[in-house]
Amino acid sequence: MGFRRLGALAALAVRRVLGRFRTSPARVSMSTVGVALAVGLMVSVTAISLGLASESVVASEETDYWIVPEESNVQSLAVSTGSVQLGDVHRASAHIGADDRVEYAVPVLLELVPVADAVTGEREYVLVAGVVSRPEAELLGLSLRPLTPGDPHYANGSYDGPRTGEAILNEAGATSLNASAGTTLESPRAPNRSFSVVNVSAGGTSTAFGTVPVAVVHLSELQAVTGSAAGDQADQILVSTDDRSVRGSLERSYPRTTVVRSNGLAAQRVSTSNLPLAIAVSGAATAVLVGVLFVATLMGLAVSGDSESLGALAAIGLSRRSRSVLVAVETVTVAVLGGACGLVLGMLGIVAINGAGRATLGLEPVATFDPLLVGLAAGVALLIGVLGAVYPVLLSRRTSPLEVLSR
Amino acid sequence: MDGERAVSTEPSESTAVVRGRDLVRRYEWGAAGLFGDDAPPAVRAVDGVSIAIRGGEMVGIAGPSGSGKSTLLHLLAGLDLPTAGTVTLAGTDTADYGERGRARLRLEHVGVVFQRFHLLPALSARANVALPLVELGEPKSRRRERATELLEAVGLGDRVTHRPGRLSGGEQQRVAIARSLATEPDLIVADEPTGELDSETGERVLSALGDVADDRAVVLASHDEQALAVCDRRVPLRDGKRADDERDADGTGG
């Protein structure tokens, strides 16, 4: 089939679909609404999964790139520790930071550490982030300024430098540990390595379940507590830069790592995190299934109801293949229109979910919009159209020109 | 037109645009039952009809309902295949083609006018007329030009952008006639073209059909005397057979 004929048939199909909204809008509108609901639901669900995935992000506005292990399996913030880690991070960060284009590179180790309550002595779990401190940097919403710059205890890998024992707490951490500036914190995991709170900050990181108790300490001191010192391990390296050309260097600096731009981190997390990925895939699969059933059924009915027109087209000489193309493009057009409406519905859904979460439970935004959702909605709508076209096309192929001439 | 012409002007083998020879179309409804019931009797909708039509000739197939008019029309247009006999259209036997080949044969050589117009409601009159040209792969400019030209020829030059819903029945049928001419076919078949129209409108439509047919062969199936009256020749059918029984020795009337 020539391109010109294919193009003309496709244009004809689109005109027929648009025309049906005027002449017989019931079925075509129902098909569109069906796809719109399916895609809208998928967009909302995927936005929630992006929201969940984003919780594992050690984010700040200054961070432009994250270097994370290629096989990282980070899930939500609460369970993000204990994943595949980067090694030799002090030297690697120093190497990356030496690049003139890079403002700073900070390795971050995240661990859930049991810490004794300063008053009751009861054990509370706190998310502790170990960093090589940079006064200008921010981590988990907390400024690193109160920490002594650098990582003195590391001492070029000998781990025998002076130990600062400094810790910054967020308000949630201070509340749960009954701590304030000057309080000494001890962990049952390392009874002889206490920390002293140097600052309690209003910042912090939130999940759908509230603000997480967070402490920030020097990286080597956390490594010494958790046993990560042997390989100089950390979960990720945060890079701040104004120069996008640095990405190539970052990718070369570490084998088997992934470099993610700040605006792509949530999506990258979805693709590498089990729970959000499962949610996103389930959402997409449900959308495809529901959409295909809707479109196939209603467009099938439309084809049956339109058998006279199809028979007339057959009678005047349109081949079976051309009629199939016509019906297939019509179905895909309906699905794509539905997908566009679904994207809008999904975005409204995100606003509604976040509004409801904030109003009823006081939660931070649960669902996160990512430009990737536009592509996802378009792709799913297209898939629905293609799969949903099979049944109407098969029906249309049974149309005989004799049906119309006999009427 | 008159009875004399009807029995005397069947064309010769060489001048016929379409020729049917000893055509039989039998329909069988179901098979013998599981318990030895007899199969329902087969119906011979067309039974041994021979007919030939030359270019420039308008032939009316007459007869009451159930006489086989539409079936004969389907066979001549290549829409259906005879159970026995042959249809020669544009020099070829329609039975030599599969469905795709016959669709192409119709596209290039046959224009079809339906009783109920069958225009696509979402498209303008011009787009409807241009439909067969889409299948031919004609460029858009050529399609528009040709469709406009044909609509002007049937007196609808001022209705090219109107959708069928905004046209009267007569206008819709004239659009259908214009569509049947889009690929410049050799044969136009019209099944009860005035069946949905009042007599005055029907007359106008038939006049338009006659005006634009030029040297094409036109076969018109109708039980409307007014429609048959404009034909050069009429072929009466009864119970699937030619009621005039005018066949000559070679069975074609030629």
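Order-wise, the sequence lines are chains P and A.
So my numbering is basically just the index in the first sequence, starting at one, shifted up by 26.
So my numbering is basically just the index in the second sequence, starting at one, shifted up by 1.
All residues carry an ideal CB built from backbone N, CA and C; glycine is no exception.
Bear in mind the structure is a predicted one, so any value in this text is a computation, not a measurement.
At 7 angstroms on the CB atoms, spell out the chain A contacts of Ser-335 of chain P, in chain order. His-119 and Leu-121
Kindly list, in the order they appear in chain P, the residues whose Cβ is closer than 7 angstroms to that of Gly-1 of chain A. Outside the displayed range of chain A (2 to 255) lies residue 1 of chain A, so it cannot be described from this structure.
Can you tell me whether Ser-142 of chain A is buried or exposed? The criterion is at least 16 other CB atoms within 10 Å of its CB, across all chains shown. exposed
Whole angstroms is fine: what's the gap from Gly-99 of chain A's alpha carbon to Leu-398 of chain P's? 48 angstroms
C-beta atoms of Ser-222 of chain P and Val-158 of chain P nearer than 9 angstroms: Not a contact, by the Cβ cut-off of 9 angstroms.
Check the Cβ of Arg-101 of chain A against every Cβ in chain P and list those closer than 9 angstroms, keeping chain order. Ser-345, Arg-346 and Arg-347
State yes or no: is the beta carbon of His-163 of chain A nearer than 9 angstroms to at least one beta carbon in chain P? no
For the region 349-363 of chain P against the region 397-415 of chain P, are there 3 or more C-beta pairs whose distance is under 8 angstroms? yes
What residues are listed by DSSP as bridge partners for Leu-238 of chain A? Partner residues in the beta bridge of Leu-238 of chain A, as assigned by DSSP, are A:Arg-243.
List the residues of chain P whose Cβ lies closer than 7 angstroms to the Cβ of His-224 of chain A, in chain order. Correct list: empty, because the minimum Cβ distance to chain P is about 15 angstroms.
Report buried or exposed for Thr-359 of chain P, applying the criterion of at least 16 other Cβ atoms within 10 angstroms of its Cβ. buried
For Gly-56 of chain A and chain P, any beta-carbon pair shorter than 9 angstroms? By this cut-off, Gly-56 of chain A is not an interface position.
Which runs of the beta strand (DSSP E) at least 3 residues long sit entirely within the region 340-367 of chain P? Give them in chain order. Counting only runs of 3 or more, we get nothing.
What is the DSSP secondary structure of His-75 of chain A, counted as helix, strand or coil? helix
Which residue's Cα is closest to the Cα of Leu-3 of chain P: P:Ala-256, P:Arg-278, P:Ile-194 and P:Val-362? There is simply no residue 3 of chain P to check, as chain P begins at 27 and stops at 433 in what is shown.
Threshold first: 3 residues or longer. Then list the beta strand (DSSP E) segments lying entirely within the region 172-252 of chain P, N to C. 192-196, 210-213, 216-227 and 240-244
DSSP beta-bridge partners of Ser-169 of chain P: Checking the DSSP bridge columns, you'll see Ser-169 of chain P partnered with P:Glu-164.
Quick check: the region 187-194 of chain A against the region 221-240 of chain A, are at least 3 beta-carbon pairs closer than 8 angstroms? yes
Quick check on DSSP: helix, strand or coil for Arg-248 of chain A? Bear in mind that the predicted position of Arg-248 of chain A carries a pLDDT of just 46, short of 50, making it unreliable; the figure below should be weighed with that in mind. If DSSP states are grouped into helix, strand and coil, Arg-248 of chain A belongs with coil.
Taking only three categories from DSSP, how would you classify Glu-29 of chain A? coil
Run through DSSP, which three-state label would Gln-262 of chain P get? Of the three classes helix, strand and coil, the one that applies to Gln-262 of chain P here is strand, per DSSP.
Taking buried to mean at least 16 other C-beta atoms within 10 Å of its own C-beta, is Gly-156 of chain P buried or exposed? Answer is buried; the Cβ neighbour count reaches 16.
According to DSSP, which residues form a beta bridge with Ala-183 of chain A? Beta-bridge annotation (DSSP): Ala-183 of chain A is not paired with any residue.
Out of curiosity, what's the CA-to-CA distance linking Leu-38 of chain P and Leu-74 of chain A? If you draw a straight line from the Cα of Leu-38 of chain P to the Cα of Leu-74 of chain A, it comes to about 29 angstroms.
Taking Cβ positions only, does Thr-61 of chain A come closer than 9 angstroms to chain P? Just to set this straight, residue 61 of chain A is Gly in the shown sequence, not Thr. So no, Gly-61 of chain A is outside the interface.
Pairs of beta-carbons, one from the region 163-172 of chain A and one from the region 125-135 of chain A, closer than 8 angstroms: are there three or more? yes
Residues of chain A with CB under 7 angstroms from Ala-415 of chain P, in chain order? The premise fails here: Ala-415 of chain P is roughly 19 angstroms from chain A at the closest Cβ pair, so nothing lies under 7 angstroms.
Three-state secondary structure assigned by DSSP to Arg-205 of chain A: The answer is helix: DSSP assigns Arg-205 of chain A an H, G or I state.
Where the alpha helix (DSSP H) through Arg-441 of chain P begins and ends: No statement about residue 441 of chain P is possible, as the shown extent of chain P runs from 27 to 433 and does not include it.
Cβ closer than 7 angstroms: which chain A residues qualify as neighbours of Leu-35 of chain P? Val-135
Roughly how many whole angstroms lie between the Cα atoms of Arg-103 of chain A and Phe-395 of chain P? Looking at the two C-alpha atoms, the distance is approximately 54 angstroms.
Any 3 or more C-beta pairs closer than 8 angstroms across the region 421-429 of chain P and the region 58-66 of chain A: no
For Ala-7 of chain A, collect the residues of the same chain with a Cβ closer than 6 angstroms to its Cβ; drop the 5 residues on either side in sequence, then sort them by chain order. Because Ala-7 of chain A carries a pLDDT of 40, less than 50, the predicted location of this residue cannot be relied on, and no value is offered for it.
For Arg-53 of chain P, go through chain A and note every residue whose CB falls closer than 7 angstroms to its CB, in chain order. Simply none; closest approach about 13 angstroms.
Quick one: list the residues of chain A neighbouring Leu-428 of chain P, beta-carbon separation under 7 angstroms, in chain order. His-75, Leu-80 and Asp-81
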